[in-house]
Amino acid sequence: MTSDTAVRKYDLLLKGGRVIDPANDIDGHFDVATSGGHIALVGKEIPESHARTVADVSGLVVTPGLVDLHAHFYGYSASIHPDAHCLPEGTTTAVDAGGAGHLTFDEFNELVIAPATTNVFALLNISGEGMVGQPEQDLDGMDVDLTAAKIAQRPDLIVGVKVAHYMGPGWEPLDRGVQAAEETGVYLMVDQSPIHTRPMAEMMLEHLRPGDMVTHCYAMSKPMTDGDDKVKPYFFEARDRGVQFDVGHGAGSFSFRIAKAAIEQGFIPDTISTDMHRSSILVNQATMPETMTKLLALGMKLPDIVKRSTWDPAQAIGHPELGNLGQTRPADIAVLNVSEGNFGLVDNGSGNRVFKTDKRIICEMTVKNGQVVWDKNGRSRDDWSFTPPTNPAI
Ligand SMILES: [Zn+2]
Numbered sequence: 020m021t022s023d024t025a026v027r028k029y030d031l032l033l034k035g036g037r038v039i040d041p042a043n044d045i046d047g048h049f050d051v052a053t054s055g056g057h058i059a060l061v062g063k064e065i066p067e068s069h070a071r072t073v074a075d076v077s078g079l080v081v082t083p084g085l086v087d088l089h090a091h092f093y094g095y096s097a098s099i100h101p102d103a104h105c106l107p108e109g110t111t112t113a114v115d116a117g118g119a120g121h122l123t124f125d126e127f128n129e130l131v132i133a134p135a136t137t138n139v140f141a142l143l144n145i146s147g148e149g150m151v152g153q154p155e156q157d158l159d160g161m162d163v164d165l166t167a168a169k170i171a172q173r174p175d176l177i178v179g180v181k182v183a184h185y186m187g188p189g190w191e192p193l194d195r196g197v198q199a200a201e202e203t204g205v206y207l208m209v210d211q212s213p214i215h216t217r218p219m220a221e222m223m224l225e226h227l228r229p230g231d232m233v234t235h236c237y238a239m240s241k242p243m244t245d246g247d248d249k250v251k252p253y254f255f256e257a258r259d260r261g262v263q264f265d266v267g268h269g270a271g272s273f274s275f276r277i278a279k280a281a282i283e284q285g286f287i288p289d290t291i292s293t294d295m296h297r298s299s300i301l302v303n304q305a306t307m308p309e310t311m312t313k314l315l316a317l318g319m320k321l322p323d324i325v326k327r328s329t330w331d332p333a334q335a336i337g338h339p340e341l342g343n344l345g346q347t348r349p350a351d352i353a354v355l356n357v358s359e360g361n362f363g364l365v366d367n368g369s370g371n372r373v374f375k376t377d378k379r380i381i382c383e384m385t386v387k388n389g390q391v392v393w394d395k396n397g398r399s400r401d402d403w404s405f406t407p408p409t410n411p412a413i
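Residue 203 in my numbering sits at position 184 of the sequence shown, with consecutive numbering throughout.
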């Protein structure tokens, strides 16, 4: 005798989508089955009778859950909640970029990371308070040993160091951040606009290490291109020596003028991220699907965009179990609709200007650890008519 449970060995079956899983070199029409919160099988024609829940995702794109390397969930005054803002956008893993420092990390973990459904990791700010109370100008609060000690204490949650927004003349915060990262074997993300005593070329060629990451790579405030829209040679030199370039869209850090010229000249971003916070999610809609849409409009190919939004960022944070749909991996999945129509995309940095396009990526479903946590059109749900009659006793 075969029990129903034995036959229905999968919890969820996503049927008929185009699966793009760059880590496993998959781009084609496959079904995806999950079991016990993990990926059970990516295969052809998996029978519907083998799954307890079936969702028809034909016409849609199925990718690993998106991995956003730059977001703000704590410390920054415009922080947002990860679950409310990531899960509806297909983002199942996100990194808070420097909201907490060694003094405030435990509170961040208690209030935000631990209760969240989204996988939240942290870049620890070299400033001890993180961004709580805007202390990023206070050199006395930037302690290499205490920062390194905190990273060593929580390597499960802290994936790197963040240095940002310092207005002083020199490189002291950055060099301390690099030292803390070096001592603990993690990478550093930097957000420093150039000033005359602190040129970008010097930062990229002399202070950052291979693997360190420059975020806001297409920002007007850190211009990659010169007055003739040509990418400055030192950006290519920095890339050649292993410096990574991250989008970090934000409310002031993504210019179509720069991004378009850079991509046409072959300078594509290593990783795609949002810098999502209360301001950037409004005018700029700085979500992963919208940021991916902008890069699609600028000529990048969808599989490459998916790779730089899933597998590449997962590797950057040292979590190769994420960002892919390999068997036994966590069942973190995004189902995306590449819709067609007349759309406008809004940039920033020197006014919010529109770029017209005919495709927009919209998140249809998000699966986190096998649970459907976002389902815009109820594809995994029974029809309303299955609702039983009301209880006559009440
Ligand atoms: Zn940021």
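Every residue, glycine too, gets a C-beta built ideally from N, C-alpha and C.
Predicted model only: the values in this text are computed from it and were never measured.
If you draw a straight line from the Cα of glycine 36 to the Cα of alanine 200, it is about 41 Å long. Alanine 116 has its Cβ nearer than 7 Å to a heavy atom of ligand 1. Here the alpha carbon of glycine 345 sits roughly 7 Å from the alpha carbon of isoleucine 58. Of Thr111, Arg379, Thr72, the smallest CA-CA separation from serine 328 is found for Thr111.
DSSP, read as helix, strand or coil, puts phenylalanine 255 in helix. Relative to ligand 1, aspartate 159 has its C-beta separated by 7 Å or more from all heavy atoms.
For secondary structure counted as the alpha helix (DSSP H) over 4 or more consecutive residues, the region 293-322 holds these complete runs in sequence order: 307-316. Every beta strand (DSSP E) of 3 residues or more that sits fully in the region 44-101 is shown, in chain order, as 45-54, 57-62, 70-75, 80-83, 85-90. With 16 or more other Cβ atoms inside 10 Å of its own Cβ, isoleucine 65 counts as buried.
Going by DSSP, arginine 372 is part of no alpha helix (DSSP H) at all; its letter is neither H nor E. For glutamine 390, no alpha helix (DSSP H) segment is defined; the enclosing uninterrupted segment is the beta strand (DSSP E) at 390-394. Pairing leucine 193 with histidine 235 gives a Cβ-Cβ distance that is not under 8 Å.
Counting along the chain, alanine 281 sits inside the alpha helix (DSSP H) bounded by residues 275-283. Following the DSSP letters along the chain, one finds isoleucine 352 inside the beta strand (DSSP E) bounded by residues 352-365. Partner residues in the beta bridge of glutamine 263, as assigned by DSSP, are Met232. Between ligand 1 and the CB of histidine 91, the shortest heavy atom gap is smaller than 7 Å. Under DSSP, serine 146 takes part in a beta bridge, and its partners are Met161.
Not one heavy atom of ligand 1 falls within 7 Å of the beta-carbon of aspartate 245.
Around the C-beta of arginine 195, 16 or more other C-beta atoms lie within 10 Å, and the residue is accordingly described as buried. Lysine 387 and threonine 136 do touch by the CB rule: their CB atoms are close to 6 Å apart, below 8 Å. According to the DSSP assignment, arginine 37 belongs to the beta strand (DSSP E) that extends over 29-40.
Between the region 376-386 and the region 349-363 there are three or more inter-stretch CB-CB distances shorter than 8 Å, so the stretches are counted as touching. Around the beta carbon of tryptophan 190, 16 or more other beta carbons sit within 10 angstroms, so the residue counts as buried. The continuous beta strand (DSSP E) containing aspartate 210 extends over residues 206-210.
With respect to valine 61, isoleucine 39 sits apart: the two C-beta atoms are not nearer than 8 Å. The nearest non-hydrogen atom of ligand 1 is 7 Å or more from the C-beta of glycine 204. Three or more beta-carbon pairs separated by less than 8 Å link the region 118-129 to the region 162-179, which places the two stretches in contact.
DSSP places asparagine 138 in the strand class (E or B) of the three-state scheme. Using a cutoff of 7 Å, the CB of aspartate 87 does not count as near ligand 1, since none of the ligand's heavy atoms is closer than that.
Its Cα nearest to that of tyrosine 29, the residue His69 stands out among Ala42, Pro41, His69.
Below 8 Å, enough C-beta pairs join the region 339-354 and the region 84-91 to call them touching: three or more.
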